[in-house]
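Structure record follows, encoded as structure tokens.
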Amino acid sequence: MLYNQSASSQFFENYVLQKTDTMENFGGINWSVFAALVVVWIITALALSKGVKLIGKLAYFTATVPYIIIAILFFRSITLPGARKGLDFYLLKINFNRIFVFQSWQKAATQVCYSLAIGFGGLLTLSSHNPKSHNCLRDALILTCADGFMSIFGGTAVFSVLGFMATQQKKEIDQVIRSGTGLAFIAYPEAMNQMPYVPWLWALLFFVMLFTLGVSSQFGLAEVMCTAICDQFPKLRKRMSLVVAAVCFMLFLGGVVMTTRAGIFYFKIFNDYSASFALCIIILLEIILVCYIYGIRNYIRDLASMFGYPKNICGKILGHTGIYFRIIWCFIAPICISVLLVFMLIDQSGNVPVYGKGQDQYIFPSWSMAYGWILSVLPLIAIPVTLIANIIHLRIQNKPLKNLAISTFKNADLEESSSRSSAENSIELPLTSSNLSNKNSATKALEDR
Numbered sequence: 001m002l003y004n005q006s007a008s009s010q011f012f013e014n015y016v017l018q019k020t021d022t023m024e025n026f027g028g029i030n031w032s033v034f035a036a037l038v039v040v041w042i043i044t045a046l047a048l049s050k051g052v053k054l055i056g057k058l059a060y061f062t063a064t065v066p067y068i069i070i071a072i073l074f075f076r077s078i079t080l081p082g083a084r085k086g087l088d089f090y091l092l093k094i095n096f097n098r099i100f101v102f103q104s105w106q107k108a109a110t111q112v113c114y115s116l117a118i119g120f121g122g123l124l125t126l127s128s129h130n131p132k133s134h135n136c137l138r139d140a141l142i143l144t145c146a147d148g149f150m151s152i153f154g155g156t157a158v159f160s161v162l163g164f165m166a167t168q169q170k171k172e173i174d175q176v177i178r179s180g181t182g183l184a185f186i187a188y189p190e191a192m193n194q195m196p197y198v199p200w201l202w203a204l205l206f207f208v209m210l211f212t213l214g215v216s217s218q219f220g221l222a223e224v225m226c227t228a229i230c231d232q233f234p235k236l237r238k239r240m241s242l243v244v245a246a247v248c249f250m251l252f253l254g255g256v257v258m259t260t261r262a263g264i265f266y267f268k269i270f271n272d273y274s275a276s277f278a279l280c281i282i283i284l285l286e287i288i289l290v291c292y293i294y295g296i297r298n299y300i301r302d303l304a305s306m307f308g309y310p311k312n313i314c315g316k317i318l319g320h321t322g323i324y325f326r327i328i329w330c331f332i333a334p335i336c337i338s339v340l341l342v343f344m345l346i347d348q349s350g351n352v353p354v355y356g357k358g359q360d361q362y363i364f365p366s367w368s369m370a371y372g373w374i375l376s377v378l379p380l381i382a383i384p385v386t387l388i389a390n391i392i393h394l395r396i397q398n399k400p401l402k403n404l405a406i407s408t409f410k411n412a413d414l415e416e417s418s419s420r421s422s423a424e425n426s427i428e429l430p431l432t433s434s435n436l437s438n439k440n441s442a443t444k445a446l447e448d449r
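Numbered per the UniProt record's numbering, the sequence shown spans residues 1 to 449.
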């Protein structure tokens, strides 16, 4: 009911979303949201059609502006009255009992996968423009440390504002916290509106930051698909603009359902199910493929051909081909992901999606879970399809199936890759903004050198 909602919540749900009561009632197209979707995908298509060099130039803006804005919000938020309440809840007075709750590990793993683009292919696609001897270990360390720092730094800014909001409303911090879209579009803007001195400016900076992060992420994910298609069918590289247009149009069609007045419910299902256990399975299969099918020894030999063998004890332990990484790749990572995968399957099987909280909470119908499971399984279909296609291809050529585990990379491919790297300049992966911007930030470096 409306009297149980804040003004920000009413504005977001009744004016911006024009939300219906149930997900069965689509309520027609929300034309303002539809227009925004059209504009964003047109921008993405135009940018990608000009190639990665233009994306690199755009990344000077999309990769640096979030840093600047989050720094401004940080220094403003920690000076607000009540900021200490939010910092105590977030960082200073940690509830260690949450360590023994599985959902904490699940959310953390999902956040890391999204934030570092693990399993999505974005960084792999963009780093393919690097020369053979590029120091990828250094880049990995920089990206991981920068991502962790920015996650904590950004969280401090957010919870300081939420602490201020809780103090203003004389509530406990957990009573004003919302998750997902509720935090970004209801709770945080409401807190911004209560700030002294030009509250509209802080809200404007916050939404500019969200927009740049979202656009940069969209550039990166769409570029992955375009590159994968052109690599699989090299003749299409001459028609890159058509490939980009087709990919962007298909992705646009996938988002149309979310522009209906019931779109927020479908967004919730998509957000919860699209990259859950399927992402863990893909990551686990990647590890198995490299370490146990292709072979860890072959992989280490490939790395040594790129960077050389370690020359001291430190290099033998922590270097590119060190013992530390072998243990992580072969044992620790697959075990941790397997355990997490089992718990994620159990949790997803018994979990009923909900939207909102308190008296305004909407419980999703049972059929929506089937829709969610289809979204979860859909990314995995490409794996058996590709496997069957390769088996048929080998049978036609009368070649043994063991050739599936043999690299077909040729010197000509290496020369072509090196030529492409020289033509586009090598990528020097920079420090990236937290969360969604890291994929596009990596592209930025195409112009750095």
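Cβ coordinates follow ideal geometry from the N, Cα and C atoms, glycine included.
- Residue from D302, Q111, A246 with nearest C-alpha to K132: Taking the first residue of the sequence shown as 1, we reach residue 132 at position 132. Ranking the options by Cα distance to K132, first place goes to D302.
- Between the beta-carbon of G27 and the beta-carbon of T260, is there less than 8 Å? Taking the sequence shown and counting its residues from 1, one reaches residue 27 at position 27. Taking the sequence shown and counting its residues from 1, one reaches residue 260 at position 260. Yes.
- Item | Whether L345 touches F270 by CB criterion (8 Å) | Within the sequence shown, residue 345 is the residue found at index 345, counting from 1. Within the sequence shown, residue 270 is the residue found at index 270, counting from 1. No; because the gap between Cβ atoms is not below 8 Å, this pair is not in contact.
- Message: Can you tell me whether Y355 is helix, strand or coil according to DSSP?
- Response: As a position in the sequence shown, residue 355 is number 355, starting the count at 1. Reduced to three states, the DSSP call for Y355 is strand.
- Task: For C248, count neighbouring C-beta atoms within 10 Å of its own C-beta (all shown protein chains included) and say buried if the count is 16 or more, exposed if not.
- Result: Numbered from its first residue, the sequence shown carries residue 248 at position 248. That one is buried.
- Item | L54 to A245 span [Cα, whole Å] | Here residue 54 refers to the residue found at position 54 of the sequence shown. Here residue 245 refers to the residue found at position 245 of the sequence shown. In a straight line, the C-alpha of L54 is about 16 Å away from that of A245.
- For I363, count neighbouring Cβ atoms within 10 angstroms of its own Cβ and tell me buried if that reaches 16, exposed if not. For the purposes of this step, residue 363 is identified with residue 363 of the sequence shown, where counting begins at 1. Exposed, by the Cβ-count rule.
- Query: Can you round the beta-carbon distance between F102 and D347 to whole angstroms, since I take them to be within the 8 Å contact cut?
  - Reply: Here the question's residue 102 lines up with position 102 in the sequence shown. Here the question's residue 347 lines up with position 347 in the sequence shown. Rounded, the Cβ-Cβ distance is 7 Å, consistent with contact.
- Where W367 falls, given that 16 or more other Cβ within 10 Å makes a residue buried: For this step, residue 367 is matched to residue 367 along the sequence shown. With fewer than 16 Cβ atoms within 10 Å of its Cβ, W367 is classed as exposed.
- Message: Alpha carbons only, please: which of S128, L204, I173, A187 is nearest the one belonging to V224?
- Response: On the sequence shown, position 224 is the one that residue 224 refers to. Minimum Cα distance to V224 is reached at S128.
- Query: Relative to the C-alpha of A304, which residue among G319, I313, Y292 is closest?
  - Reply: On the sequence shown, residue 304 is found 304 positions in, with the first residue counted as 1. For the residues G319, I313, Y292, the minimum Cα distance to A304 belongs to G319.
- DSSP bridge partner residues for T260 (one or two, in chain order): The sequence position of residue 260 within the sequence shown is 260, counting from 1. Answer is I29, bridged to T260.
- Item | Environment of F100 [buried if 16+ CB atoms lie within 10 Å] | Translated into the one-based positions of the sequence shown, residue 100 becomes position 100. With fewer than 16 other Cβ atoms within 10 Å, it is exposed.
- Query: Which first and last residues belong to the alpha helix (DSSP H) in which N95 is found?
  - Reply: The residue given as residue 95 occupies position 95 in the sequence shown. Careful: N95 lies outside any alpha helix (DSSP H) and carries neither H nor E.
- Query: Quick one: Cα of L340 to Cα of F331, how far?
  - Reply: Your numbering for residue 340 matches position 340 in the sequence shown. Your numbering for residue 331 matches position 331 in the sequence shown. Our two residues, L340 and F331, have alpha carbons roughly 14 Å apart in a direct line.
- Nearest-angstrom Cα separation, counted from V352 out to G372: Taking the sequence shown and counting its residues from 1, the one referred to as residue 372 is at position 372. Taking the sequence shown and counting its residues from 1, the one referred to as residue 352 is at position 352. The alpha-carbon atoms of G372 and V352 are separated by roughly 11 Å.
- Of all the options V342, L92, A35, I78, which has the alpha carbon lying nearest to the alpha carbon of Q106? Along the sequence shown, read from residue 1 onward, the residue named residue 106 stands at position 106. It is V342.
- Cβ-based burial, W41 [other Cβ within 10 Å; buried from 16]: On the sequence shown, residue 41 is found 41 positions in, with the first residue counted as 1. Buried, by the Cβ-count rule.
- How is the alpha helix (DSSP H) around V224 delimited, first residue to last? What you label residue 224 is simply residue 224 of the sequence shown in a count that begins at 1. Per DSSP, V224 belongs to the alpha helix (DSSP H) from 199–232.
- Task: Check whether the region 148–161 touches the region 60–70, taking contact to mean three or more Cβ pairs, one atom from each stretch, closer than 8 Å.
- Result: The answer is yes - the region 60–70 touches the region 148–161, with three or more Cβ pairs under 8 Å.
- DSSP-derived helix/strand/coil call for Y362: Here residue 362 is taken as the residue at index 362 of the sequence shown, counted from 1. Strand at Y362.
- Message: Helix, strand or coil for E13? Go by DSSP, reduced to three states.
- Response: Position 13 of the sequence shown, counted from the first residue, corresponds to residue 13. Note: E13 maps to helix in three-state DSSP.
- Task: Mark W202 as exposed unless 16 or more other C-beta atoms lie within 10 angstroms of its C-beta, in which case mark it buried.
- Result: As a position in the sequence shown, residue 202 is number 202, starting the count at 1. Under this definition W202 is a buried residue.
- Item | Sub-8 Å separation of W329 and I287 beta-carbons | Numbered from its first residue, the sequence shown carries residue 329 at position 329. Numbered from its first residue, the sequence shown carries residue 287 at position 287. Result yes, Cβ atoms of W329 and I287 sit closer than 8 Å.
- Message: According to DSSP, simplified to helix, strand and coil, what is E190?
- Response: For the purposes of this step, residue 190 is taken as residue 190 along the sequence shown, with counting starting at 1. Residue state for E190 is assigned as helix, using DSSP reduced to three classes.
- Do you know how far the Cα of I300 is from the Cα of P400? Counting from 1 along the sequence shown, the entry for residue 400 is found at position 400. Counting from 1 along the sequence shown, the entry for residue 300 is found at position 300. When rounded, the distance between both Cα atoms is 25 Å.
- Query: For the 8 Å Cβ check, are there 3 or more pairs between the region 85–100 and the region 228–247?
  - Reply: No: fewer than three Cβ pairs fall under 8 Å.
- Message: Assuming contact is defined by CB atoms lying nearer than 8 Å, are L221 and F120 in contact in what I supplied?
- Response: Counting from 1 along the sequence shown, the entry for residue 221 is found at position 221. Counting from 1 along the sequence shown, the entry for residue 120 is found at position 120. Yes. Within cutoff.
- Report the rounded CA-to-CA distance for A423 versus Y309, giving the unit in angstroms. On the sequence shown, position 423 is the one that residue 423 refers to. On the sequence shown, position 309 is the one that residue 309 refers to. Note that A423 has pLDDT 44, beneath the 50 cutoff, so the model's placement of it is unreliable and the number below is only indicative. Cα to Cα, the separation comes out at about 29 Å.
- Message: Quick check: the Cα distance between R420 and G315, rounded to an integer number of angstroms?
- Response: Within the sequence shown, residue 420 is the residue found at index 420, counting from 1. Within the sequence shown, residue 315 is the residue found at index 315, counting from 1. Low per-residue confidence applies at R420: pLDDT is 47, beneath 50, and the placement is therefore not dependable, though the value from the model is reported in the following sentence. About 31 Å.
- Task: On a CA-only basis, which of Y114, L126, V158 is nearest residue 498? Give me that one, please.
- Result: The shown model of the chain, from 1 to 449, leaves out residue 498, and the question about it has no answer.
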